[in-house]
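Note sheet for the following structure.
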Amino acid sequence: MTTSSKSNPKVLQLIQEYAQRLRSHTPADYDLILSAVGDAQVVMIGEASHGSHEFYFHRAEITKRLIEEKGFTIVACEADWLPAYRVNRWVKGISLSTIKDADDALKDFTRFPSWMWRNNVVVDFITWLRKYNDQINDQQKKAGFFGIDLYSLQSSREEVIKYLEKNAPVKIARKNYGCFEKYTDEHEYGVCAATNLSSTCEKEAIKVLTKMLEQHAKLIAEDKTDNMEVHESFYAMENAKIVREAEKYYRHMFEGGQITWNIRDTHTCDCLQDLLNNNGHG
Numbered sequence: 000m001t002t003s004s005k006s007n008p009k010v011l012q013l014i015q016e017y018a019q020r021l022r023s024h025t026p027a028d029y030d031l032i033l034s035a036v037g038d039a040q041v042v043m044i045g046e047a048s049h050g051s052h053e054f055y056f057h058r059a060e061i062t063k064r065l066i067e068e069k070g071f072t073i074v075a076c077e078a079d080w081l082p083a084y085r086v087n088r089w090v091k092g093i094s095l096s097t098i099k100d101a102d103d104a105l106k107d108f109t110r111f112p113s114w115m116w117r118n119n120v121v122v123d124f125i126t127w128l129r130k131y132n133d134q135i136n137d138q139q140k141k142a143g144f145f146g147i148d149l150y151s152l153q154s155s156r157e158e159v160i161k162y163l164e165k166n167a168p169v170k171i172a173r174k175n176y177g178c179f180e181k182y183t184d185e186h187e188y189g190v191c192a193a194t195n196l197s198s199t200c201e202k203e204a205i206k207v208l209t210k211m212l213e214q215h216a217k218l219i220a221e222d223k224t225d226n227m228e229v230h231e232s233f234y235a236m237e238n239a240k241i242v243r244e245a246e247k248y249y250r251h252m253f254e255g256g257q258i259t260w261n262i263r264d265t266h267t268c269d270c271l272q273d274l275l276n277n278n279g280h281g
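Residue numbering for the sequence shown follows numbering that gives the first Met the number 0, starting at 0 and increasing by one per position.
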């Protein structure tokens, strides 16, 4: 390993001591990683760049082994909830009539940088995941694909309204969420709320979320955990949580400091815990 004169020799020594070379370019390269995982419930796989093929490829191969050998059923990505849930429906065989193939499943990833998810490695991975799930009859045991980020304030708001139009009284929610309609996007809302050019939509977002939580709890109490009605309620409930947390995020983003990072990180942790609970791991 070559080094520059500015490198920290202690760090380089540690890397050289503990790094494991990928020698065979086969799944066996990851044996040590799988051994280190043990019986962990959550495995975090990072990357050193946004968009390098090598990181994407190895991450996908490790994830396949976690699913096949360790029984993992949740692939939680640093991605938006809505477009990832479209992928989830496809890999689980839920929306076969409306989603044609892997490329079509990924089409809702339009926010920059869309190439983080709409690339050949992800296409190959979710195609593999779909084939893997097709061999499993129990929907609860199929591996899902989810996004746990919070950037979709406006589109998540629209999804909550769509759900309520079909499943519950929508008039009050439409009135509360109407607070956001005068803004062209989340950033405009953030500027206006942060500079007191207009009142915030915090209370309105909380009101809708409270209603969604109550409704989902009612379905769970009716023991419909393997019912599609519960899955769609869960999807809508998470969208309502995104609206509430994204409202807070964009309202604080122009203040500087660490608060927005903490809001975002807390949301991703909460979303992951919700996924674990919903999939029977909590």
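Beta carbons: idealized from backbone N, C-alpha and C, even for Gly. Note that this is a predicted model, so its numbers are computed, not measured.
Closest to residue i by CA distance: which of the options is it?
i, options, result
"residue 276", "252, 37, 263, 229", "229"
"residue 237", "150, 260, 251", "150"
"residue 110", "209, 58, 119, 81", "81"
"residue 62", "128, 8, 119, 137", "128"
"residue 124", "69, 100, 173, 37", "100"
"residue 247", "201, 270, 20, 116", "201"
"residue 69", "83, 32, 92", "32"
"residue 244", "136, 27, 105, 147", "147"
"residue 166", "199, 215, 205", "215"
"residue 180", "28, 204, 58, 168", "204"
"residue 75", "53, 221, 43, 57", "43"
"residue 130", "119, 92, 153, 137", "92"
"residue 118", "168, 55, 136", "55"
"residue 249", "133, 38, 137, 199", "199"
"residue 240", "272, 192, 221", "272"
"residue 188", "242, 137, 222", "242"
"residue 177", "152, 193, 194", "152"
"residue 47", "133, 113, 57", "57"
"residue 192", "112, 251, 102", "251"
Can you tell me whether residue i is helix, strand or coil according to DSSP?
i, result
"residue 18", "coil"
"residue 107", "coil"
"residue 88", "helix"
"residue 260", "helix"
"residue 126", "helix"
"residue 206", "helix"
"residue 93", "coil"
"residue 221", "coil"
"residue 277", "helix"
"residue 268", "helix"
"residue 8", "helix"
"residue 196", "coil"
"residue 118", "coil"
"residue 99", "coil"
"residue 226", "coil"
Could you pull out every residue in the same chain whose Cβ sits closer than 6 Å to the Cβ of residue i, ignoring the five residues on either side in sequence?
i, result
"residue 66", "142"
"residue 175", "203, 206, 207"
"residue 218", "229, 232"
"residue 94", "88"
"residue 172", "163, 207"
"residue 59", "120, 124"
Classify residue i as buried or exposed, calling it buried when 16 or more other Cβ atoms lie within 10 Å of its own Cβ.
i, result
"residue 253", "exposed"
"residue 266", "buried"
"residue 182", "buried"
"residue 155", "buried"
"residue 96", "exposed"
"residue 89", "buried"
"residue 7", "exposed"
"residue 164", "exposed"
"residue 9", "exposed"
"residue 263", "buried"
"residue 226", "exposed"
"residue 18", "exposed"
"residue 13", "exposed"
"residue 83", "buried"
Please work out which residues of its chain come closer than 7 Å, Cβ to Cβ, to residue i, disregarding the five sequence neighbours upstream and downstream, and give them in chain order.
i, result
"residue 235", "158, 159, 162, 211"
"residue 86", "104, 105, 125, 144"
"residue 270", "147, 237"
"residue 52", "120"
"residue 186", "249"
Beta-carbon within less than 8 Å of residue i's beta-carbon, same chain only, minus the 5 sequence neighbours each way: which residues are those?
i, result
"residue 278", "72, 73, 139, 143"
"residue 115", "49, 50, 78, 108"
"residue 196", "190"
TODO: Return the chain-ordered ranges of every beta strand (DSSP E) run that is complete within the segment 22-84 and spans a minimum of 3 residues.
DONE: 73-76
Task: Runs of alpha helix (DSSP H) lying entirely within the segment 135-191, each at least 4 residues, in chain order - done: 152-166, 170-176
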